[in-house]
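Position 167, counted from 1, in the sequence shown is what UniProt numbering calls 167; the numbers after and before it change by one each time, with no gaps.
Backbone N, C-alpha and C fix where the C-beta goes; we use that ideal spot for every residue, glycine too.
A quick write-up on the structure given underneath.
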Amino acid sequence: MLRKSRIMTTRSTKAVKKIEKPKPLKIMPTTRHPTSEVPGQISVASVEDILLLLDAVSSAISRKSLSDEIAYYTSTLLSKMKIFGQRLEESYKDKLDKAFGHFRNGSKDDGVDFGVRITLLNLIELRAMQWTVCASVNAYYLTRCNIPEVNDGFDASPVSNAATILSPGEIIKSSGKYSSPTKVPGKNYYRDEVVIRNSDSGK
Numbered sequence: 001m002l003r004k005s006r007i008m009t010t011r012s013t014k015a016v017k018k019i020e021k022p023k024p025l026k027i028m029p030t031t032r033h034p035t036s037e038v039p040g041q042i043s044v045a046s047v048e049d050i051l052l053l054l055d056a057v058s059s060a061i062s063r064k065s066l067s068d069e070i071a072y073y074t075s076t077l078l079s080k081m082k083i084f085g086q087r088l089e090e091s092y093k094d095k096l097d098k099a100f101g102h103f104r105n106g107s108k109d110d111g112v113d114f115g116v117r118i119t120l121l122n123l124i125e126l127r128a129m130q131w132t133v134c135a136s137v138n139a140y141y142l143t144r145c146n147i148p149e150v151n152d153g154f155d156a157s158p159v160s161n162a163a164t165i166l167s168p169g170e171i172i173k174s175s176g177k178y179s180s181p182t183k184v185p186g187k188n189y190y191r192d193e194v195v196i197r198n199s200d201s202g203k
């Protein structure tokens, strides 16, 4: 009886440690704005990770809450979408539609970094091409990212129009090319310039 009691006591003291399965890595929690606490390097190894990254980038773009790491996150998303884009399109089309709506708006927003806007445009075109990776398109966007942003505006200052100022009543200013009737070589007529000076004459 004593021996049996000792065996039961020994068994009861042995605790089995349960090993829990590691939880998926959260790249950018959607409950708060991305901050510098987010590590610069991320691990994206599954479709679930890509969806987290997609949500994080689209959320940051839509809220204009752009951290220093947004360029890295966006380029990482682009590289992964080249591989998994078609698969995500088949299973998560609604989620992609929502995210790419934010991407289109972000690509036209001057408040977003120029390089990030170029990457967003690359993502948009990649989806438009049904996730077909094209070497020439990749080369174009790679080159575009290396070109500084160009101001598409133009100089609104008035152009000097001293040569085009007309006198009162003038409709056409004489060019001065034909100061007098000029005979055309090989022809039986002369070339002259007629200047209309009075718009009210009806002539």
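- The beta carbons of Tyr141 and Asn122 sit about 4 Å from each other, so the pair counts as a contact at 8 Å.
- Boundaries of the alpha helix (DSSP H) harbouring Leu51: 47-63, taken from the DSSP string.
- For Val112, there is no enclosing alpha helix (DSSP H), since its DSSP letter is neither H nor E.
- Residue range 70-91 is occupied by the alpha helix (DSSP H) that includes Met81.
- With respect to the 7 Å criterion, Val116 and Thr74 are classified as neighbours on the basis of their beta carbons.
- Taking a contact as a CB-CB distance under 8 Å, the pair Ser67 and His102 does not count as one, their CB atoms being some 16 Å apart.
- Taking the Cα positions, Ala99 is about 7 Å away from Leu54.
- Per DSSP, reduced to three states, the secondary structure at Thr132 is coil, with no helix or strand assignment.
- Nearest in C-alpha terms to Val133, of all of Ile83, Asp109, Ala60, Lys95, is Ile83.
- The closest CA to that of Ser107, considering only Ala60, Val47, Gln86, is found on Ala60.
- The beta carbons of Leu78 and Thr119 sit closer together than 7 Å.
- Rounded to the nearest whole angstrom, the C-alpha separation of Arg127 and Ser65 is 24 Å.
- Taking every protein chain shown into account, the CB of Glu69 has 16 or more other CB atoms within 10 angstroms, so this residue is buried.
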